[in-house]
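Below is one structure, written out as structure tokens, with a few remarks after it.
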Amino acid sequence: MILRRLLGALATLVLASLTIFLALEVLPGDPAQIILGTGAQEDTLAALRSQLGLDRPILVRYVSWVSGMLVGDFKDSYTYGIPVTELISQRIYVSGPLAIFAIILAVAIALPCGVISAARRGRLSDTLITAGTQIGIAIPNFWFAILLILLFAVRLRWFPSGGFPGWEDGGIIACLIALLLPAFALALPQAAILTRVTRGAMLEVLQENYMRTAAAKGLSPTKRLWTHGLQNAMIPVVTILGLQFSFLLAGTIIIENVFYLPGIGRLLFQAIAQRDIVVVQNLIMLIVASVIVINLVVDLAAIGIDPRLRRQDFARG
Amino acid sequence: MAKWLKLIGLRQYSVSMIIGGLLTLLFLSLSVIALFWTPYDPEIMNIAGRLKPPSINNWFGTDQFGRDMFSMIMKGSQNSVAVAMVALCIGMGFGVPLGALAAARGGLIDDSVMRFNDFVFAFPALLSAVIITAVFGPGAINAIVAIGIFNIPVFARVTRAAAQITWQREFALSARALGLTTFQITLRHILPNISGILIVQGTIQFALAILAEAGLSYLGLGAQPPAPSWGKMLFDAQTLMYTSPHVVLIPGLAIAFTIFGLNLLGDGLRDQLDPKTVTRG
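Just so you know, the protein sequences line up as chains A and B, in that order. All you need for my numbering is the position in the first sequence, starting with 1, plus 895. All you need for my numbering is the position in the second sequence, starting with 1, plus 44.
Structure, rendered in structure tokens:
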């Protein structure tokens, strides 16, 4: 089962890399022409093409791109003139912590809200939480980000309205403060969806026989809910969390632009504006690969949580 | 409230579904009315009357070029409907047949459809839009195609899951016994039976498409000026939020209310179709 899931993820990765390669390296035309402009001489173009390795057959270029990526050797950016690896390594320390921060916030909000909402079904707290999730899903996260800036940065002046001080220059505290509003903006819609999933999963679990057994055994309601209940409700929650990660990574592209954070998303956005295909190609591959790997890890984690899945054919969703 | 609903013959619908339905109706009628009438021309600039707060003359105020924001919101709703509709058609047009095929045939075909789903799922709409923009340059079509592509695996998945259950029902078996082909059974018995689920999913995807379109035009990857779009309005307003908050608040509220309405409608429709969820609250 685990092997089958691994092979599936590998196949998806290969297919994705082929698509990205064909879409971004073959379709857009001649990168040498893009760099040098339309007025370039034929011999200069040819020289640049051979320097960039564009005169080699497509298959060779694909293999060298993929094998280069596997050992962390990316090509040079057209506009920055430095290896893409270097560009990425500067920015991953902004985007990575931002995404993790957002996921932690989303889980920290969603789990208690979902469990309380399920346990107190039909009461006022349930109604309020459910209404809150509807609003959280409806609000576009970049608009929410602007509202956060308006309130906390402009009116109250508690947080900076954007920018990033850098882990070494600014210190950890200043960096975390700079990331708090963006992470919260990213987390809101995810927390809303996750709350609904947690609530739904908890409602199912609460009707199970083992919950009644736990009650008969004399476990207190709080303990029943948070140990027996939550652990069994976690499987759909963890699966959704994995799926959400791809939306979260896509969301960082927008949110980093709202807050002027020098992360992967902002780099990607600038690369499109400059038509720096090499950077776009590698960044998209990086994002897609992380989505695939994270979903794989989540599926394997679900097996870890629920031993029953080890025998079932869970990969066919 | 329940009594009042009974009076006008809407007893069987939930309050949230009616609110959702009304909001959706408002949104759709705004976009239809904008086809032939808006209070002002949304593209005419009037620098003297710029950044005016909401008033009797300009219900939603004016933007930094003195354009009437209510007219822009109306025209923008049209853009949202158009993008979401086409994206939905792409998603359903490819996704439903794929899902139905996977459920009807099973085996290798089923496996390949699911693999394809996983593959497309790895590309969020925003990323596909980035790729398309990098290749073809920015444009309104990019957003539609990117969101549409992302809708395909969603509908394929839902159709497959629902169709698999329907295939096990007795009427599918008896249709088979009557000598109908797989294609005929799918068309006459399977699809009509799962249409409710598809409509619910359609409402949700419609809302998601509007949200995604707003995000893409905010980044400049969607509708191009001067075509009004809610996401673009938000981007233009961002630097003005310190002095004129209404230019930021109004487009965002328009998006939020539309999505809110569509989601309530979708949830309500789901509850109607599935009595199990009603009793569960």
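No residue lacks a Cβ here, since even glycine has one placed at the ideal position from N, Cα and C. Here the structure is a predicted model, which is why all the values come from computation and not from measurement.
With a threshold of 8 Å between beta carbons, is B:R146 in contact with chain A? As written in the sequence, residue 146 of chain B is Ala, which differs from the Arg given in the question. Closer than 8 Å: no.
Residues of its chain near B:I299, where Cβ-Cβ distance is below 6 Å and the 5 sequence neighbours each way are ignored: A258 and W274
Going straight from the alpha carbon of B:V130 to that of B:A251, what length do you get? 13 Å
Contacts that A:Q1139 makes with chain B (C-beta to C-beta distance below 7 Å): Within chain B, no residue comes near A:Q1139; the closest Cβ sits about 10 Å away, beyond 7 Å.
Touching by the beta-carbon criterion (3+ pairs, under 8 Å), the region 167-177 of chain B and the region 1167-1186 of chain A: yes
List, from N- to C-terminal side, the alpha helix (DSSP H) runs of 4 residues or more that fit wholly inside the region 108-139 of chain B. none
Beta-carbon proximity check, A:A1080 vs A:N1036, cutoff 8 Å: yes
Cα-Cα separation, B:T321 to B:D315: Confidence in B:T321 is poor, its pLDDT being 45 and thus under 50, which makes the residue's placement unreliable; the coordinate value appears in the next sentence. Cα-Cα distance, rounded: 6 Å.
Is the beta carbon of B:F194 less than 8 Å from the beta carbon of B:N186? no
What residues in the region 251-266 of chain B bring their beta carbon closer than 7 Å to a beta carbon of chain A? L255, A258, G259, Y262 and L263
Candidates B:A200, B:P141 and B:A271, of which the one nearest B:Q245 by Cα: B:A200
Does the structure place the region 1055-1070 of chain A close enough to the region 1154-1167 of chain A that three or more beta carbon pairs sit under 8 Å? yes
Report the rounded CA-to-CA distance for A:D950 versus A:V1049, giving the unit in angstroms. 54 Å
My understanding is that B:M61 touches B:L308, with C-beta atoms under 8 Å, so please give their C-beta distance in whole angstroms. 6 Å
Under a three-way DSSP split, which group does A:D971 fall into? strand
Going by CA-CA distance only, name the one from B:T247, B:G240, B:A221 and B:A216 that's closest to B:R232. B:A216
Which residues mark the beginning and the end of the alpha helix (DSSP H) in which B:K276 is found? W274 to A281
Using beta-carbon positions only, say whether B:M116 and B:P83 come within less than 8 Å of one another. no
Proximal residues of chain A, C-beta to C-beta of B:F163 below 7 Å: T907, L910 and A911
Cβ-based burial, B:D112 [other Cβ within 10 Å; buried from 16]: buried
Could you spell out where the alpha helix (DSSP H) holding A:R900 opens and where it closes? I897 to F916
Does DSSP classify A:F1047 as helix, strand or coil? helix
In the DSSP assignment, find the unbroken alpha helix (DSSP H) run with A:S962 in it and report its ends. I953 to L965
Contact set between B:G246 and chain A, taken where Cβ atoms lie within less than 9 Å: Per Cβ cutoff of 9 Å: no residues; B:G246 is ~17 Å from chain A at best.
Taking 8 Å as the threshold, find out whether the region 99-110 of chain B comes into contact with the region 137-149 of chain B through three or more Cβ pairs. no
Please identify, using Cβ separations under 9 Å, the residues of the region 183-207 of chain B that lie next to chain A, in order along the chain. R201 and A205
Partner residues on chain B for A:G903, Cβ-Cβ distance less than 8 Å: R159 and D162
I'd like to check one pair, B:T177 with B:L265: are the Cβ atoms closer than 8 Å? yes
Unbroken alpha helix (DSSP H) runs of length 4 or more, entirely within the region 164-229 of chain B: which are they? 169-180, 184-211, 214-221 and 226-229
Against chain B, does A:I1030 count as a neighbour if the rule is that its beta carbon must be under 8 Å from one of theirs? yes
Taking only the alpha-carbon atoms, compute the straight-line gap between A:C1008 and A:M1129 and give it to the nearest angstrom. 14 Å
Within 10 angstroms of the Cβ of B:W81, are there 16 or more other Cβ atoms? Answer buried if so, exposed if not. exposed
Just to confirm the assignment, what range does the alpha helix (DSSP H) spanning A:M1106 have? N1104 to A1111
Identify whether B:P98 lies in helix, strand or coil by the three-state DSSP scheme. coil
Is A:T1108 buried or exposed, if buried means 16 or more other CB atoms sit within 10 Å of its CB? exposed
Hey, could you find the ends of the alpha helix (DSSP H) A:G1009 is sitting in? V979 to A1014
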